[in-house]
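Asks:
There are 2 protein chains.
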Amino acid sequence: MSEPENCPLCQLAPTSLLWSDAYCLVIPAQIPGIGDFCRVVWRAHVREITDLVDADRHRLLNVVMGVEEVLRDLLRPVKMNVASLGNQVPHLHWHVIPRFQDDPFFPDSVWAAERRPPGVRQALSEDVLRTALEKRLSSVTKTPL
Amino acid sequence: MSEPENCPLCQLAPTSLLWSDAYCLVIPAQIPGIGDFCRVVWRAHVREITDLVDADRHRLLNVVMGVEEVLRDLLRPVKMNVASLGNQVPHLHWHVIPRFQDDPFFPDSVWAAERRPPGVRQALSEDVLRTALEKRLSSVTKTPL
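Keeping their order, the protein sequence lines are chains X and A.
Using our numbering, read the first sequence as starting at 16 and increasing by one per residue.
Using our numbering, read the second sequence as starting at 16 and increasing by one per residue.
1) Step through the CB atoms of chain X and report whether any lies within less than 8 Å of the CB of residue 26 of chain A.
2) Along the segment 121-134 of chain X, where does the CB come closer than 7 Å to a CB of chain A? Name the residues.
3) In the structure shown, what three-state DSSP assignment does residue 89 of chain X receive?
4) Buried or exposed, going by whether 16 or more other CB atoms sit within 10 Å of the CB of residue 56 of chain X?
5) If contact is defined by three or more beta carbon pairs under 8 Å, each pair taking one atom from either stretch, is the segment 27-41 of chain A in contact with the segment 57-66 of chain X?
6) What three-state label does DSSP hand residue 130 of chain X in the structure shown?
7) For residue 101 of chain A and chain X, any beta-carbon pair shorter than 8 Å?
8) Of all Cβ atoms in chain A, is any one closer than 8 Å to the Cβ of residue 150 of chain X?
9) Measure the beta-carbon distance from residue 136 of chain A to residue 120 of chain A and round it to whole angstroms, keeping in mind my assumption that it falls under 8 Å.
10) Quick test of your reading: residue 82 of chain A and residue 111 of chain A, contact by CB under 8 Å. State the CB separation rounded to the nearest angstrom.
11) Just to make sure I have the definition right: I need the residues of chain X whose C-beta is within less than 9 Å of the C-beta of residue 98 of chain A. Which are they?
12) What would DSSP say about residue 22 of chain A, mapped onto helix, strand or coil?
13) Give the C-beta separation of residue 65 of chain A and residue 91 of chain X to the nearest angstrom, bearing in mind that I take them to be a contact with Cβ-Cβ under 8 Å.
14) Alpha carbon to alpha carbon, how far is residue 153 of chain A from residue 38 of chain A? Give it in angstroms, no decimals.
15) Between which two residues does the alpha helix (DSSP H) carrying residue 142 of chain X extend?
Right, dumping it as C-alpha cells:
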C-alpha cells in the first residue's frame, strides 16, 4: 500500500495542474490513440471515496461531472468512461476518459488489450482545456452540496 | 448503439433486482475469482451521467456510494473499483467491484488479462446483500441532493 511519502499523487508538481481548489486537483493524461484525458485527484491521501464525509464526496463527484462535461464538449467522444480504481496507486483519483469508435481499445475498456494500432489523434490545447475547466468548475466549490 | 428495444438493461427481469427505486436498479453480478459485485443501473435509457440533470446525477451517485459502503462492509476488500464505461451497452450503469490481493487481475483492472487463475471465493448470500442494501439505501431518495 502506498503511504504519503512514496505516493506519486501526493507529490504532483504544481506545473502539471490543469485546475485545482482546496480539495481537488485536475491533471492531464494521455493514452496513445485516445489522446488527452483528465484525472481528478483528491488532495488528501485517502484510499476510497467512501472514506470521505458526504459533503466531500459530493465536492469530488461534482468536479468529476464537470470534467466529463468539458471533455464531451471539446472532444465529442462517442462515449465517456469514468472510473476510480486505484489498485496500483491507492490515493483517491478518478479517470475521465473520452472514447472513440476507432480508438485502440473500443468497445473494450482502456485497460484491456488493444484491438487495433493507435491512430493519430489531434492533441487538445492545454490552454483551451484550462480555460474550459476554469469556466465550468469555478462554481463547484460554491455550489450547494 | 443500443436502442431501448434491444438494450439488455432496458429488459431486466424484476427477479434479478437486489434493490430498486423510481430511478435506479441494483443488480447482482459475479466475476470468477472476485465473486459477487453490484451494478447500479439508471432506469431510463440514458447514455451518459452528464445527460442527467444535477438532482438525478446526485441520486444515482448516492446509490453508487451506498452500494460501495455495503460491499466494503460485507466483503472487506483491499480496494473498491467503481466505473461507468458503457462502451458495449450504452445505457447508463455503474460497476461497483470489490478487489482482493489474490484476485485474478489484481493490481490491474478487472478488464485486463488475468495474472493468475481464479481461486474459490465464498459467495455472498443474496438475502444478506438485499437486507444490507435495503437498510443503507432506504434513505437515499429522501436525502437532500
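Note that beta-carbon positions come from the ideal geometry of N, C-alpha and C, so glycine has one too.
Replies: Quick look at the numbers:
1) As a working mapping, residue 26 of chain A is identified with position 11 in the second sequence. Not closer than 8 Å to any Cβ of chain X, the Cβ of residue 26 of chain A fails to qualify, so no.
2) 121, 122, 123, 124, 126, 127 and 128
3) Here residue 89 of chain X is taken as the residue at index 74 of the first sequence, counted from 1. In this structure, residue 89 of chain X counts as helix in the three-state DSSP scheme.
4) Taking the first sequence and counting its residues from 1, the one referred to as residue 56 of chain X is at position 41. By the neighbour-count rule (16 or more Cβ atoms within 10 Å), residue 56 of chain X is buried.
5) The segment 57-66 of chain X, when compared against the segment 27-41 of chain A, does not touch it at the 8 Å Cβ threshold.
6) Position 115 of the first sequence, counted from the first residue, corresponds to residue 130 of chain X. Reduced to three states, the DSSP call for residue 130 of chain X is coil.
7) Within the second sequence, the letter at position 86 stands for residue 101 of chain A. Answer yes: the Cβ-Cβ gap between residue 101 of chain A and chain X drops below 8 Å somewhere.
8) Locating residue 150 of chain X in the first sequence gives position 135, where the first residue counts as 1. Closer than 8 Å: no.
9) Counting from 1 along the second sequence, the entry for residue 136 of chain A is found at position 121. Counting from 1 along the second sequence, the entry for residue 120 of chain A is found at position 105. Actually they are not in contact, since the Cβ atoms of residue 136 of chain A and residue 120 of chain A sit about 13 Å apart, beyond 8 Å.
10) Taking the first residue of the second sequence as 1, we reach residue 82 of chain A at position 67. Taking the first residue of the second sequence as 1, we reach residue 111 of chain A at position 96. Residue 82 of chain A to residue 111 of chain A, Cβ: 5 Å. Contact.
11) As a first step, residue 98 of chain A must be located in the second sequence, where it is residue number 83. Chain X residues near residue 98 of chain A: 96, 97, 98, 99, 100, 110 and 124.
12) As a position in the second sequence, residue 22 of chain A is number 7, starting the count at 1. Reduced to three states, the DSSP call for residue 22 of chain A is coil.
13) The residue labelled residue 65 of chain A in the question sits at position 50 within the second sequence. The residue labelled residue 91 of chain X in the question sits at position 76 within the first sequence. That pair is no contact at about 13 Å.
14) Your numbering for residue 38 of chain A matches position 23 in the second sequence. Your numbering for residue 153 of chain A matches position 138 in the second sequence. C-alpha separation (whole angstroms): 13 Å.
15) For the purposes of this step, residue 142 of chain X is identified with residue 127 of the first sequence, where counting begins at 1. Its alpha helix (DSSP H) spans residues 141-152.
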